[in-house]
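Heads up: the structure comes next, in structure tokens.
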Amino acid sequence: MAASQAGMADSVTQMNTYQSYVTMIGDPGAKDESKLQAAQELSENFEIIVLSPHYPTFLEHSVRIFIDILQKGKPHFISEHNVHQVRKLLLEMMYRMPPNELLKPHVETILSLCMKLLELENEQNVLVCLRLIIELHKHFRPAYNQEIQHFLQFVRSIYQNLPDHMNKIFEPKDPIKVKDLSELNIEALLSITYTSLPIQVDKKLPDGRPTTETCTLIPKGILSLKVLQELPIIVVLMYQLYKQNVQQEVTDYIPIIIGTITLKPAEDHRANPNFNKEVFVDFMGAQIKTLSFLAYIIRIYQQVVGEHSQLMVEGILGMLTLCPMEVTHLRKELLIAARHILATDLRIKFVPFMDKLFDESVLLGRGWTTHESLRPLAYSTLGDLVHHVRQHLPMSDLAKAVHLFSNNVHDETLPTSIQIISCKLLLNLVDCIRQRSESEASQGQDSVRTGQDLLMRMLEVFVIKFKTIAKLQLPILIQKSKAQQATAPAQTSATTQNIADSVKTDDGKPLITSPPTLIEPLGTVKTEERDAGKSKFGFPPSLASSYTVADCRSLVKTLVCGVKAITWRCASFKSSSNVEGGKLFTAKETEVFIRLVKWAMQALDIYTLSITPTAAQPTGLRQAPQQTVRTKEEKEVLEHFSGVFSVLDPHTFREIFSTTIEYMVERIAHNFALQIVGNTFLSNCGTSPIFATVLVEYLLGRMEEMGNGNAERSNLYLKLFKLVFGSVQLFAAENEHMLRPHLHQIVNRSMELAMTAKEPYNYFLLLRALFRSIGGGNHDLLYQEFLPLLPNLLQGLNSLQSGLHKQHMKDLFVELCLTVPVRLSSLLPYLPMLMDPLVSALNGSHTLISQGLRTLELCVDNLQPDFLYEHIQPVRAELMQALWRTLRNPTDQEAHVAFRILGKFGGRNRKMMIEPQRLEYSVRETPGPAVVTHFPDHNKPVEMPLEKIIDTAVTALKLSTTDPFYRRQCWEVIRSYLIASIKLDDDKSTMQKLFTHPSFQEGKINMIQGLPYKSSDKLARQTHVNALTGMFVGAAMKDLKSVVQPTMVAMVKHYTMVAIVQQAGPFSLNAKQVCLEGSMDALVLVDALAVIMGHEEKELCKPGQVALALILQTATNILGSKDRACRLPLFEYLAERMCSLCYDRAWYAKLGGCIAISFLYERMSIRWVYQHLFVFVKAQLFVMMDLTGEVSSGAIDKAKSNLENMLVLCAAPVDASSDPELAGIQKEAL
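In UniProt numbering, the protein residues as written are 1 to 1230.
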């Protein structure tokens, strides 16, 4: 309690002290120095005073005294005088008083005081008064009174008198130097002073030495340029508060204000070396503030301003021209004010002066800072103006606009938004250029050529911008996109820097250069000049960091729309011109379009980058296989891009795309969404036949690549072929003629290349696409063309479908046989050839059954019964059984169709069914391996046959549709069976003792007399082979590989070691095969390898080759050398089984045999290869002869390559002196 009382006592004491200071300031007898110290003390502690509980008392006391001093005291104009400083501090403290209820009673008095002081006080105090007036009006909003009206008239008088002072303001003044201030006639000096003026006064130091002291003369408020800068803000405030009362005042202001902004220093003053720039900056600041006021009221007083608009335009242009280059903020304010004025209808008044605004030295001045910081504002302002007045601009101004904004498009130091605005503006000028060309041409001026050249130059600008994006910006964005997920952000900036530094253009074209005439014709740029002034496009690293995918997308979209608009107008120029050949684009112009295709299709890759990379796309890049467009915007942009070329003359269109088709296909391969461009051409009546011809000729030249095993490229070509075929359905009349000359080549080349290709499937898919697209019954022209092909084609397809192939290939052959695109009447001579495929179809998949039923019903409906039954006779049983089988599923649509066909056959549907049913029967001699389970309550054990279990497991492993969990279980079953089949009684030491016996590395290895031993239990042996086959299948699967491979390696080594012990070493049984009776032979491994190598799925050959290498390695390790290992009868049997694959009927078995033989001659000892050379060569020659005219999927090529390699290997000379035996074996072999 005592403490708080003490605190209160201190507070009262403190406030009493401050009040005594106030009293001292008001005491006429006190010294000026003491008053200044008191005022400074109050000012420094004013925040404490305001927060004190005794502030109300202080306020009452101080306001009265402050007002009294300021009213009665005279203004002083030397800033160093104490009286001036005291008056300034008093005004500032009044300004700092909180505008609350306590101050309200004094507001009127204070405002009245301020209004008076405005006319009397010096510049510094008037500025404080103005701030005080604004603050009090804002918070207390006093009623409109005579003083406010007087104030506005006072402001008007200042503006009215300003022109009279212009000479005095800018007259060069000599420095003022006096011995004493009393010598000065301050009143006379103040009448010509507009900014603070330094005065040199002579003084003497205490030791008597002379010196000078500088005093500052402060101008009167009514003449001050700084005060003039603040007046417009107050007028705006008054207008906001008393709109109804001051409207007439503001109306009267406008001509005076417009007069003010047209004022400028006289030429001789500006030329004078002593011209005071600081004064000029203050004056210009006042003018710009005045213009801002005009911009604020212009919409309401547009009519009044309109009457003086000519002066206003001159004033703005004069200010832009004269604004000092060092003062960036002034030009910024000037541009913002001009922007508001240009947003009104008065902008039309600027049209005669556009050439000045297009001059950058007028618009932006010559200052570096101005140039760097204000260009976005200046160009967006100018762009808006040009956009709105473009219809009124003459051709010369349009040319200047194109020149200026084309430069902006390529100025990488400008923000992307300004580049986009520049592109959009150029786009909006296209129509005006055409209209202006035509209107000026009708007046006899030669401006059509100029208009065309201008448009082509704009197109060139856009093409170069596409190139900049493709070569500089896109790599940086891709890099950033990848780096967003990378762990080393530091590395990114370095890489971005490197890209920015290293990527330069290889054929940079010059931007639009300021033309001496209206615009240079496009063809006049000589090569030497182009190289001399080759422009280097850079992408500043500072901008690269802030550049985004969204920015780039927006820019690309604008460029595409711009290119389209320009091309359409150019094309209409051409079509309306009367010149001979005027409709065609020149070679120079066509070259621009060719470059457009090149760079734009690269820049459109921006849509492959996602705006926000997600976890699903770790690099922010689109995943390669995606075959659709990613956004609606991308689709629209691609369609607009296609639209660029749709209006071109057919000759020009053909020229462009016959040149760029290869590049275009490469781009589509990289970014599949670009196929929309080709698709749009093909679905446009005008461009479809031309583009289809160009594309199909390109694809026919690349047909060989469709079978070389490159899946991505093959699929692309196939899709493009489908697009071409699809266009025939769209525009039958035009595109049948396009396809007709190529039909024979497509069919014949497909059949021919399929015979030798590594991946023949694609060629038959191509034929299917062709048959499906023209098989609708509406293309008689193409059916006529097809007739000569029919006999050979049907014969070829028929023989293929009856051969051994993978199931999907076989289905495809059957479908091709049934969908040959000719009329039924043309097929009649070849009907017998369709019967086998028809039966295959009815026994095939859902799709094939539907196709087969359609074909059969067509025949039944349209052919004479006797003629039809005669041809059905050879296949009648299979056909009828297939039809009856189709009935079994009553829910399927096929069942209804089959039922209908059976009905149409009438009684013959049963007469034909005289063959016995096919029965399944067993020819097993032994029960085979089984899992025997004993139950306590049963005498007889239960046997589960393992043959079926292993078969099911192996089949399930081969199917790609099997669930990963069940696939793993299948492998567990196979593994358990294989492990259970092995005897593992021997311990490790016994095994080591056996295999280190010297007879393995030194003893003789005899050949087996007669046939090698094989287990007599054929069923058990076959089950064992199946289990080993299943093991190899598992080893080829990605998800099982790591689990299966260790077991596979162990098994292969185990079986090889068993074979070695039986065929060499101390216990060789080559002469006593009978001893092996009752056990499983080790040759099951070789038989399983033969199954794997001959399997239709060639991926399975890989684990097969690993197993072959393991067998050879294990034998070599035990027998000491490869030469001894190769003498084992095991390898004799291996060679025999692998060669037997080459004599199998199926191409895939033959190919497996060739791969195995390739392994054997490369890895086995040369002596062994010589001994088996004849067998190998014979097998390879058989493959080549047997598969001629068949689909070989690369088997013939492999056989050829094997023969060539064996010849090189075996015909190499052997030194007879060092190894006569080997030389003899070689001679005998060859």
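Ideal placement from N, C-alpha and C gives every residue a C-beta, glycine not left out.
Distance, residue j Cα to residue i Cα
i, j, result
"Gly1065", "Ala841", "58 Å"
"Phe1176", "Gly1034", "30 Å"
"Ser535", "Gln153", "Its pLDDT being 40, under 50, Ser535 is placed unreliably in this model, and the value from its coordinates should be taken loosely. Spanning the two alpha carbons is a distance of roughly 59 Å."
"Arg768", "Asp811", "11 Å"
"Glu972", "Asn862", "58 Å"
"Ala692", "Met738", "7 Å"
"Pro760", "Gly709", "9 Å"
"Arg630", "Val549", "14 Å"
"Glu41", "Ile420", "59 Å"
"Pro874", "Lys1018", "37 Å"
"Leu1222", "Ala1109", "24 Å"
"Leu511", "Ser406", "Confidence at Leu511 is low in this model, with a pLDDT of 38, below 50, so its placement is unreliable and no value can be given for it."
"Gln14", "Arg96", "20 Å"
"Glu267", "Leu330", "21 Å"
"Arg900", "Arg553", "59 Å"
"Gln864", "Leu818", "20 Å"
"Leu1207", "Ser1201", "10 Å"
"Val313", "Lys349", "7 Å"
Residue nearest to residue i in terms of C-alpha spacing, selected from the options
i, options, result
"Met703", "Glu752, Ile476, Arg1127", "Glu752"
"Val822", "Met809, His805, Leu781", "Leu781"
"His1054", "Glu119, Met991, Ala1125, Pro788", "Met991"
"Phe935", "Glu943, Leu856, Gly1104", "Glu943"
"Gly383", "Ser373, Thr370, Leu398, Glu372", "Leu398"
"Ala106", "Asp252, Pro142, Gln602, Val430", "Here residue 106 is His; the residue named in the question, Ala, does not match the sequence. The option with the nearest alpha carbon to His106 is Pro142."
"Arg885", "Val839, His871, Glu108, Thr1047", "Val839"
"Gln881", "Leu978, Asp892, Leu902, Gln893", "Leu902"
"Leu181", "Leu217, Asn762, Gly1010, Pro941", "Leu217"
Beta-carbon proximity of residue i to residue j, cut-off 8 Å
i, j, result
"Gln1180", "Cys1210", "no"
"Ser43", "Leu91", "no"
"Val860", "Leu868", "yes"
"Pro376", "Pro415", "yes"
"Leu718", "Leu674", "no"
"Leu404", "Phe358", "yes"
"Gln745", "Leu700", "yes"
"Ala877", "Leu887", "no"
"Val1086", "Leu1040", "no"
"Pro255", "His308", "yes"
"Ile566", "Val430", "yes"
"Met1051", "Met1093", "no"
"Leu824", "Leu858", "yes"
Same chain, Cβ closer than 7 Å to residue i, five either side skipped, listed in chain order
i, result
"Phe293", "Pro232, Val235, Val236, Ile257"
"Lys400", "Asp355, Phe358"
"His651", "Leu584"
"Ala494", "Model confidence at Ala494 stands at a pLDDT of 44, short of 50, so the residue's coordinates are unreliable and nothing is read from them."
"Leu856", "Leu838, Ile901"
Close Cβ partners of residue i (< 6 Å) along its chain, the five nearest in sequence each way excluded
i, result
"Arg366", "Met325"
"Arg654", "Ile690"
"Pro75", "Leu120, Glu121, Asn122"
Same chain, Cβ closer than 8 Å to residue i, neighbours up to 5 away in sequence not counted
i, result
"Thr214", "Pro198, Ile199, Gln200, Val201"
"Asn82", "Asp32, Glu33, Lys35, Leu36"
"Ala1212", "none"
8 Å Cβ cutoff, residue i in contact with chain B
i, result
"Ala1090", "No chain B is part of this structure, which consists of one protein chain only."
Discussion item. Does the structure place the segment 188-199 close enough to the segment 44-60 that three or more beta carbon pairs sit under 8 Å?
Written reply: Because the criterion of three Cβ pairs below 8 Å is not met, the segment 44-60 and the segment 188-199 do not touch.
Worksheet item: Do three or more CB pairs link the segment 280-298 to the segment 218-237 at distances below 8 Å?
Response: Segments in contact, yes.
Item to complete: Count the C-beta pairs between the segment 296-303 and the segment 205-219 that are closer than 8 Å, then say yes if the count reaches three, no if not.
Response: By the Cβ rule, the segment 296-303 does not count as touching the segment 205-219, because fewer than three pairs are nearer than 8 Å.
Discussion item. Whether or not the segment 597-614 and the segment 655-664 are in contact is what I'm after, with contact meaning three or more pairs of Cβ atoms, one per stretch, closer than 8 Å; do they touch?
Written reply: Because the criterion of three Cβ pairs below 8 Å is met, the segment 655-664 and the segment 597-614 touch.
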